[in-house]
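Enquirer: Before I ask anything, here is the structure I am working with.
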Amino acid sequence: MSHVFSRHTQNQPPLVSHGDGPYLFDKQGKAYLDGSGGAAVSCLGHSDPHVTAAIRAQLDKVAFAHTGFFTSDPAEALAEKLIRHAPSGLDRVYFVSGGSEAVEAALKLARQYFLEIGQPERSRIIARRQSYHGNTLGALATGGNAWRREPFSPLLMDVSHVSACYAYRGQHDGESEGDYCDRLIAELEAEIAKHGADTIMAFVAEPVVGATLGGVPPVRNYYKRIRDICDREGILLILDEVMCGMGRTGTLFASEQDGISPDICTVAKGLGAGYQPIGAMLCSGKIYDAIAQGSGFFQHGHTYIGHPTACAAAGAVLERLIDQDVLSQVAPLGAALMERLKDRFGQHPHIGDIRGRGLFLGLELVQDRSTKATFDPSLKVNAQLKKAAFANGLICYPMGGTVDGRTGDHVLLAPPFILTDGQLDELVDKLDLALKATNLS
Ligand code: PLP
């Protein structure tokens, strides 16, 4: 009997044995193609020798040294490299151990920044519905997914949520993309006006929405308009790139493709690529200077921030992505996967939309393509699909509640950046089999 407190008490997952490239193997020897990198984590697959060697080498020097006493070569080198490749203006990196911690650090830094510059009335966060920013209480309050928030709502701080930029369902028939964007911007401006701009601390969003919407990129100019509003109103723009960052969409930072720089950016998942737990919060020089010239320290911290072994792993991941140019494979591989998905499922009666950027792609499942009617949530179509795919040896990331946190289903694909053509075919074939095994009536 297991004493592990597993995710689902009724469902004991198989024991993992080892990884090989994009495959994981269970103890029975069954192979699983990792079509979602777990949850958009394993961008280099499961056996990258460059990364594992870097971890071993670091362990032979020193595994851990508390940041209350030391900095380390791997942390210094990683911060330098991240900033060298980050959107302009970002200048400092605060290392944490995962995505939720990165978001908590971002929120607390935003608050402390306004205290340091003498604007203590700024504390309100505006985020978006159907977003996910993590499961710790601040991150959960910031996220807009109704189902995830609901049981904990008495514990959550008051956050404003405006509409997501989700053209498939949000853009009206006959409405141009530009008009849709105008409408979203007007909604945000109204929310700011309702509370008073000088009470708003930050706008928080995922550039390409992952877990809760399934690979949804913004419409053109959306983030440029958001950036302009934030600049005009003195609001910090926090972009959560925990899932879509670190090359997943074809550029190291997803927001590069939107032509803007955030004030604060969070990354995790692909940063350590699963080889070590690590996340990071990057902030502008302006924010850092306000702390440096004010109280002199960020009133935050965890035991494992700046963990040398985790930083060594992430440094090796960036070497693979940037110096060894794995990153340049993402856009062409993503285009090849998108083409295959459109060929295979473009006319599928129950796939309403295929979208995404780079190797961060989503398929939305609908009961009826013409009306976009969703499946009855009690059918748990997404859970059926996950189970059928896993039985066929495919790991993918289906989720429900796409439309409003309760109805709607999608499946997110976020495979490793090292897939061969044959493995792209295998992914699509196995997804097809899983859809056939799912009751979609
Ligand atoms: N932010 C985003 C956009 C995410 O997708 C996630 C996780 O899926 C998180 C934050 C939380 O990250 P973690 O699960 O590492 O705490």
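So in the working numbering, spot 293 of the sequence shown is number 294, and the numbers just go up one at a time. Built from N, CA and C at the ideal position, the CB exists for glycine as well.
(1) Pull up the distance between the alpha-carbon of Gln13 and that of Lys387, whole angstroms please.
(2) Pick out whichever of Asp369, Phe361, Gly275 and Glu176 has its Cα sitting closest to the Cα of Gly20.
(3) Do the stretch 312-320 and the stretch 39-55 touch if we need at least three Cβ pairs shorter than 8 Å?
(4) In this structure, what does DSSP give as the bridge partners for Met1?
(5) If you reduce the DSSP assignment to three classes, tell me which class Ile355 lands in.
(6) Alpha carbon to alpha carbon, how far is Gly423 from Cys245? Give it in angstroms, no decimals.
(7) Under a Cβ-count criterion, where at least 16 other Cβ atoms within 10 Å of its own Cβ denotes burial, should Met202 be classed as buried or exposed?
(8) May I ask you to report which of helix, strand or coil DSSP gives Ser285?
(9) Under a three-way DSSP split, which group does Met400 fall into?
(10) Just checking my contact of Gly135 with His162 at CB under 8 Å: how many whole Å lie between their CB atoms?
(11) Let me check one thing: in DSSP terms, what residues is Glu91 bridge-paired to?
(12) Any heavy atom of the ligand PLP inside 7 Å of the beta-carbon of Tyr133?
(13) I believe Ser37 touches Pro416 by the beta-carbon criterion, under 8 Å. Please report the beta-carbon distance rounded to the nearest angstrom.
(14) Taking the beta carbon of Gly333 as the centre, do at least 16 other beta carbons fall within 10 Å, making it buried, or is it exposed?
(15) Quick check on Ala291: does DSSP put it in helix, strand or coil?
(16) Identify the residues that DSSP records as bridge partners of Ser379: which are they?
(17) Pair every Cβ in the stretch 290-304 with every Cβ in the stretch 258-269, then say whether three or more of these pairs are closer than 8 Å.
(18) Check whether the stretch 400-418 and the stretch 207-218 touch, using three or more Cβ-Cβ pairs below 8 Å as the test.
(19) With a CB to CB cut of under 8 Å and the five nearest residues on each side skipped, what residues in its chain are close to Lys225?
(20) Is the Cβ-Cβ distance between Ser43 and Lys28 less than 8 Å?
(21) Tell me whether Glu176 sits in a helix, a strand or coil according to DSSP, three-state version.
(22) Just checking, does the stretch 269-289 make contact with the stretch 95-111 on the three C-beta pairs under 8 Å criterion?
(23) For Ala255, which residues from the same chain have a beta carbon less than 6 Å from its beta carbon, with the 5 sequence-adjacent residues on both sides left out?
(24) Grab me the residues of Thr250's own chain with a C-beta within less than 7 Å of its C-beta, minus the 5 sequence neighbours each way, in chain order.
(25) Going by C-alpha distance, which of Tyr24, Ala187, Ile306 and Ala198 is nearest Phe70?
(26) From Val429 to Asp354, what does the alpha carbon distance come to, in whole angstroms?
(27) Take Ile227 as the anchor and find which of His303, Leu253, Glu190 and Leu395 has the nearest alpha-carbon.
(28) Can you find a heavy atom of the ligand PLP that lies under 7 Å from the Cβ of Gly406?
(29) Does at least one heavy atom of the ligand PLP sit under 7 Å from the Cβ of Ser455?
(30) Please determine, among Glu176, Leu240, Ile127 and Gly175, the residue with the shortest C-alpha to C-alpha distance to Lys195.
(31) Quickly, what does DSSP pair Ile236 with across the bridge? List them, please.
(32) Assuming contact is defined by CB atoms lying nearer than 8 Å, are Gly248 and Val382 in contact in what I supplied?
(33) What residues are listed by DSSP as bridge partners for Arg125?
(34) Does the structure place the stretch 80-98 close enough to the stretch 177-192 that three or more beta carbon pairs sit under 8 Å?
(35) Taking 7 Å as the cut-off, is the beta-carbon of Val104 closer than that to any non-hydrogen atom of the ligand ZN?
(36) Under the rule that 16 or more other beta-carbon atoms within 10 Å means buried, what is Ala58, buried or exposed?
Expert: Straight from the coordinates:
(1) The count along the sequence shown starts at 1 and reaches residue 13 at position 12. The count along the sequence shown starts at 1 and reaches residue 387 at position 386. Their backbone Cα atoms lie some 15 Å apart in a straight line.
(2) If you number the sequence shown from 1, residue 20 lands on position 19. Looking at the Cα atoms, Gly275 is the closest of the given residues.
(3) yes
(4) Here the chain has residues from 2 to 442 only, and residue 1 is not among them.
(5) Your numbering for residue 355 matches position 354 in the sequence shown. The DSSP-derived three-state label of Ile355 is strand.
(6) For the purposes of this step, residue 245 is taken as residue 244 along the sequence shown, with counting starting at 1. For the purposes of this step, residue 423 is taken as residue 422 along the sequence shown, with counting starting at 1. So the two alpha carbons sit approximately 25 Å from each other.
(7) Locating residue 202 in the sequence shown gives position 201, where the first residue counts as 1. That one is buried.
(8) In the sequence shown, residue 285 corresponds to position 284, counting from 1. Of the three classes helix, strand and coil, the one that applies to Ser285 here is strand, per DSSP.
(9) Taking the sequence shown and counting its residues from 1, the one referred to as residue 400 is at position 399. Of the three classes helix, strand and coil, the one that applies to Met400 here is strand, per DSSP.
(10) Walking along the sequence shown from the start, residue 135 turns up at place 134. Walking along the sequence shown from the start, residue 162 turns up at place 161. The Cβ separation is near 15 Å, so there is no contact.
(11) As a position in the sequence shown, residue 91 is number 90, starting the count at 1. Rather than Glu, the amino acid found at residue 91 in this sequence is Leu. BP columns for Leu91 point to Ser285.
(12) Mapped onto the sequence shown, residue 133 falls at position 132. Checking every heavy atom of the ligand PLP against the Cβ of Tyr133, one is found closer than 7 Å.
(13) In the sequence shown, residue 37 corresponds to position 36, counting from 1. In the sequence shown, residue 416 corresponds to position 415, counting from 1. Between Ser37 and Pro416 the beta-carbon gap is near 7 Å, inside 8 Å, which marks them as a contact.
(14) Taking the sequence shown and counting its residues from 1, the one referred to as residue 333 is at position 332. Just to set this straight, residue 333 is Pro in the shown sequence, not Gly. Looking at its Cβ environment, which holds fewer than 16 other Cβ atoms inside 10 Å, Pro333 is exposed.
(15) Within the sequence shown, residue 291 is the residue found at index 290, counting from 1. Correct three-state label for Ala291: helix.
(16) Here the question's residue 379 lines up with position 378 in the sequence shown. According to DSSP, Ser379 bridges with nothing at all.
(17) no
(18) Yes, they touch.
(19) Translated into the one-based positions of the sequence shown, residue 225 becomes position 224. Setting aside the 5 residues that flank it on each side, Lys225 is surrounded in the same chain by Asp259, Gly260 and Ile261, each with a C-beta closer than 8 Å to its C-beta; the list follows chain order.
(20) Position 42 of the sequence shown, counted from the first residue, corresponds to residue 43. Position 27 of the sequence shown, counted from the first residue, corresponds to residue 28. No.
(21) Counting from one through the sequence shown, the residue named residue 176 turns up at place 175. It is coil, neither helix nor strand.
(22) Yes, they touch.
(23) Taking the sequence shown and counting its residues from 1, the one referred to as residue 255 is at position 254. Here the set comprises Pro208, Val209, Glu242, Cys245 and Gly246.
(24) Numbered from its first residue, the sequence shown carries residue 250 at position 249. Correct list, in chain order: Val209, Gln258, Arg358, Gly359 and Phe361.
(25) Translated into the one-based positions of the sequence shown, residue 70 becomes position 69. Each of Tyr24, Ala187, Ile306 and Ala198 was checked against the Cα of Phe70, and the nearest Cα belongs to Ile306.
(26) Working through the sequence shown from its first residue, we reach residue 429 at position 428. Working through the sequence shown from its first residue, we reach residue 354 at position 353. So the alpha carbons of these two residues sit roughly 16 Å apart.
(27) In the sequence shown, counting from the first residue as 1, residue 227 sits at position 226. It is Glu190 whose Cα lies nearest to the Cα of Ile227.
(28) One-based indexing of the sequence shown puts residue 406 at position 405. Placement of the Cβ of Gly406 at a distance of 7 Å or more from every heavy atom of the ligand PLP is found.
(29) Absent from the structure is residue 455, since the part of the chain shown begins at 2 and ends at 442.
(30) Stepping through the sequence shown from its first residue, residue 195 is reached at position 194. Nearest to Lys195 by C-alpha distance, out of Glu176, Leu240, Ile127 and Gly175, is Ile127.
(31) By 1-based counting over the sequence shown, the position of residue 236 is 235. Paired residues: none, contrary to the question.
(32) As a first step, residue 248 is located in the sequence shown; it is residue number 247 there, counting from the start. As a first step, residue 382 is located in the sequence shown; it is residue number 381 there, counting from the start. Cβ atoms of Gly248 and Val382: not closer than 8 Å.
(33) Counting from one through the sequence shown, the residue named residue 125 turns up at place 124. Among the bridge pairs identified by DSSP, Arg125 is matched with Ile201.
(34) no
(35) With respect to the ligand ZN, the structure offers nothing, as its ligand set consists of the ligand PLP.
(36) Taking the first residue of the sequence shown as position 1, residue 58 is located at position 57. So Ala58 counts as exposed.
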